[in-house]
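Set out below in structure tokens:
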């Protein structure tokens, strides 16, 4: 991509991450994205045609389209020009969706209506796993079913943070098929957290994994293909390995609709390294949903604030990369002890600044930045109508012959 303004091709490339949640394919492959124009002032105009002009998914497609395009450097505004597919285009869209569904069947077991958030960092030691665990618990406590995929294969820590031990359950499938992996489940009120980690597959958490690229990617692929994620799963949070290595690139390829949240600390060094994770995401056409500044400040009992690790790293990273600063999470001993004891601070009965920050972050994601994908039907019901039209066309053609 250009360092100044993206090209029309860049815009179309990022739109391959906008997925029609019913059809399970992106709006470019489906023929719904008709083209993009980038103007010298940084404004972008995109033409999108829907299966029907009154589609209830329009707001979601609009939100995803704008957020992905606006994350590109140099973009100042986005305008969407809406249209409606004609009968021939609708037939082609449905045919494409069916072919993609057939070609990609079993590619991952992640439901099309599940929002995927990759929690990433440029380096270790910034509290990425702590943010993943507490944010997942806060979203579940807010009334949603959440999966947590611990993709930090070498440095897995999610099982300890949730107080989970032992092995995952394997469930037999058809002859010649790999067994299905059943996640470890934690009930959070009326909702649940499903957790999968390499920590459930080793003898103990001190075991070292001497794996390289292909094995790492294969392990993550198993988690995406063979885990029995629930059909009612609203979110999956992925605890990414730090940096921009094989697993990060592989996940971007296997889950093109994933969105990245980058965790940094106030320190300039952490901020500079985290910018590489943003760069990797954009080169993989992933949407960067925003930045979380962890360990931002220590608040003493008397209410005084102490910036132990400096200040401003999160804001600088957001400004430098053109993203949004989503939250400041303060330093708090209860967060660390909760992670060590398997008791996330957001699920404790004690109120604290860190707990409040995680719930505020969850609320922001749920309502504005990455709201749940709504599965209101508008395209799927067109399948029968399109089939009938194609059948009538075939019959007419035969009669004319």
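In the numbering used here, the protein residues as written are 6 to 406.
Cβ atoms here follow ideal geometry from the backbone N, Cα and C, with glycine treated the same way.
Hey, how far is the Cα of residue i from the Cα of residue j?
i, j, result
"residue 90", "residue 145", "38 Å"
"residue 50", "residue 85", "6 Å"
"residue 70", "residue 305", "43 Å"
"residue 411", "residue 185", "No statement about residue 411 is possible, as the shown extent of the chain runs from 6 to 406 and does not include it."
"residue 28", "residue 120", "15 Å"
"residue 178", "residue 147", "34 Å"
"residue 25", "residue 130", "37 Å"
"residue 338", "residue 150", "28 Å"
"residue 143", "residue 266", "16 Å"
"residue 288", "residue 78", "12 Å"
"residue 331", "residue 31", "27 Å"
"residue 216", "residue 62", "Because the pLDDT at residue 216 is just 47, under 50, the model does not fix this residue reliably, and the value given afterwards should be weighed accordingly. If you take the alpha carbons of residue 216 and residue 62, they lie about 42 Å apart."
"residue 191", "residue 198", "5 Å"
"residue 10", "residue 350", "43 Å"
"residue 5", "residue 202", "Limits of the chain in this structure are 6 at one end and 406 at the other, which puts residue 5 out of reach."
"residue 171", "residue 161", "14 Å"
"residue 12", "residue 43", "7 Å"
"residue 76", "residue 309", "36 Å"
"residue 64", "residue 56", "14 Å"
"residue 341", "residue 300", "11 Å"
"residue 358", "residue 133", "18 Å"
"residue 233", "residue 175", "10 Å"
"residue 259", "residue 307", "49 Å"
"residue 33", "residue 83", "17 Å"
"residue 231", "residue 180", "15 Å"
"residue 228", "residue 45", "44 Å"
"residue 182", "residue 189", "22 Å"
"residue 118", "residue 93", "27 Å"
"residue 276", "residue 270", "7 Å"
"residue 264", "residue 272", "24 Å"
"residue 141", "residue 239", "11 Å"
"residue 4", "residue 356", "Residue numbering for the chain in the displayed model covers 6 to 406; residue 4 lies beyond these limits and cannot be assessed."
"residue 16", "residue 354", "46 Å"
"residue 41", "residue 316", "39 Å"
"residue 364", "residue 329", "17 Å"
"residue 14", "residue 66", "19 Å"
"residue 379", "residue 373", "14 Å"
"residue 139", "residue 52", "39 Å"
At the 7 Å Cβ level, is residue i part of the contact set with chain D, yes or no?
i, result
"residue 17", "Of the protein chains in the structure, only one exists, and it is not chain D."
Under the assumption that residue i contacts residue j (Cβ atoms under 8 Å), give the Cβ distance between them as a whole number of angstroms.
i, j, result
"residue 278", "residue 297", "About 15 Å; that fails the 8 Å criterion."
"residue 173", "residue 187", "6 Å"
"residue 241", "residue 154", "6 Å"
"residue 116", "residue 236", "6 Å"
"residue 54", "residue 88", "4 Å"
"residue 127", "residue 248", "7 Å"
"residue 122", "residue 375", "6 Å"
"residue 225", "residue 255", "6 Å"
"residue 72", "residue 292", "6 Å"
"residue 334", "residue 362", "5 Å"
By Cβ distance below 7 Å, which residues in the same chain neighbour residue i in space, the five residues on each side in sequence not counted?
i, result
"residue 35", "25, 28, 98, 101, 102"
"residue 110", "Reliability fails at residue 110, whose pLDDT of 41 lies under 50, so the model's placement of it is uncertain and no value is given."
"residue 466", "The requested residue 466 is not part of the displayed model; the chain covers only 6 to 406."
"residue 262", "22, 24, 121"
Quick one: residues in its chain with C-beta nearer than 6 Å to the C-beta of residue i, no 5 flanking neighbours on either side, listed in chain order?
i, result
"residue 137", "124, 242, 244"
"residue 360", "350, 351"
"residue 327", "78"
"residue 193", "145, 146"
"residue 303", "311, 313, 336"
"residue 324", "none"
Less than 8 Å between C-beta atoms, sequence neighbours within five positions excluded: which residues of the same chain meet that for residue i?
i, result
"residue 371", "144, 147, 149, 377"
"residue 369", "331, 332"
"residue 135", "166, 299, 340, 341, 344"
"residue 68", "376"
"residue 283", "265, 267, 293, 322, 326, 328"
"residue 4", "Here the chain has residues from 6 to 406 only, and residue 4 is not among them."
"residue 107", "With a pLDDT of only 48 at residue 107, under the threshold of 50, the placement of this residue in the model should not be trusted; the figure read from the coordinates follows. Within the same chain, residue 107 has no close Cβ partners at all."
Just to check, is the beta-carbon of residue i closer than 6 Å to a non-hydrogen atom of the ligand SAH?
i, result
"residue 62", "Only the bare structure without any ligand can be found here, which leaves the ligand SAH out of the picture."
Touching or not, the stretch 312-327 and the stretch 342-358, by the rule of three or more beta carbon pairs under 8 Å?
no
Which runs of the alpha helix (DSSP H), 4 residues or longer, sit entirely within the stretch 87-160?
92-108, 133-146
Taking only runs that begin and end inside the stretch 281-339, name each unbroken alpha helix (DSSP H) of 4 or more residues, in chain order.
318-326
Report the start-end ranges of each beta strand (DSSP E) in the stretch 356-381 that is 3 residues or longer and not cut off at the edges.
none
3-residue-minimum beta strand (DSSP E) runs that sit fully inside the stretch 225-278, ordered along the chain:
240-244, 264-269
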